[in-house]
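Chains as they are written, first to last, in UniProt numbering: chain A, 1 to 128; chain B, 1 to 128.
Beta carbons: idealized from backbone N, C-alpha and C, even for Gly.
So the structure is just underneath, and the comments pick up after that.
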DNA sequence: CTGGATCCTGCTCGATACTG
DNA sequence: CAGTATCGAGCAGGATCCAG
């Protein structure tokens, strides 16, 4: 099974925060849940594009351990599991937005314009 | 030599931003330079605690490529090289501060209180 | 449908030695 | 003093198969 890192070497609150939504998939999951509200496991996997089950399941576990998302399972056949942001999870959205806005100012100066798939990702965040 | 990642898989401005100050050392370097203003290579290494030359030099190169820090070398014997934040580099400080503040609200709820070395790192950021 | 188990790749980071 | 060169470990993340 894919094991998340054990020793964290967190030196200050800043690094605790970066660990919450850093890494390859966490910010994407938070973004999508912020936009869609509630998603099933399979829908989440479809939104992530190219994530594997092992990694998705492990990432979801980390986000649950950090109380960013919540899991709700229904006792049905076929099984149904839904994920949504917690209050704490929603509270990181403004931070992600501010990073977005900061990047929007500077990323055009960057020679390699790798940022193509979404020019402004503010649309991801429903301003509920 | 330590080679930074080649393919970035940046999907949106948010991820561009996270890449700028994510990773193990970048945020620490930005913090220290924000606090101290200008630092020589050796002082920087001392502040980082346990960083090796290979990793420090590579990280500084990345930060220079992203125009977050600037390098100034003086033609002296022994050689002297100093690093300081650019305007763009200083502009990320408010973002790091907001992450700090957000973490301050939540990290106490976390069972393992790994955050010991600095309880509030706002002191790092000179409000010039 | 929602994952777990297992194995594997490749990058991130570290240790050590060396140089202008 | 301020790095570079080289080697290597360990972990984040990936591929594949399988189970309740």
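Any chain A beta carbon closer than 8 Å to residue i
| i | result |
| --- | --- |
| residue 102 of chain B | yes |
| residue 48 of chain B | no |
| residue 36 of chain B | no |
Test: residue i CB closer than 8 Å to a CB of chain B
| i | result |
| --- | --- |
| residue 106 of chain A | yes |
| residue 27 of chain A | yes |
| residue 15 of chain A | yes |
| residue 22 of chain A | yes |
| residue 92 of chain A | yes |
| residue 126 of chain A | Its pLDDT being 44, under 50, residue 126 of chain A is placed unreliably in this model, and the coordinates cannot settle the point. |
| residue 61 of chain A | no |
| residue 18 of chain A | yes |
| residue 98 of chain A | yes |
| residue 95 of chain A | yes |
Within 8 Å, strictly: CB atoms of residue i and residue j
| i | j | result |
| --- | --- | --- |
| residue 40 of chain B | residue 70 of chain B | no |
| residue 27 of chain A | residue 14 of chain B | yes |
| residue 72 of chain A | residue 86 of chain A | no |
Nearest neighbour of residue i, chosen from the options [CA to CA]
| i | options | result |
| --- | --- | --- |
| residue 106 of chain A | B:74, B:90, B:55, B:77 | B:90 |
| residue 55 of chain B | B:78, B:65, B:25, B:75 | B:25 |
| residue 65 of chain B | B:19, B:9, B:10 | B:19 |
Assumed close pair residue i, residue j - CB separation to whole angstroms, cut-off 8 Å
| i | j | result |
| --- | --- | --- |
| residue 92 of chain A | residue 30 of chain A | 6 Å |
| residue 17 of chain A | residue 100 of chain B | 7 Å |
| residue 84 of chain A | residue 23 of chain A | About 20 Å; that fails the 8 Å criterion. |
Does the structure place the region 54-64 of chain A close enough to the region 90-108 of chain A that three or more beta carbon pairs sit under 8 Å? no
Does the region 32-51 of chain B come into contact with the region 40-51 of chain A, if we say contact requires no fewer than three beta-carbon pairs (one atom in each stretch) closer than 8 Å? no
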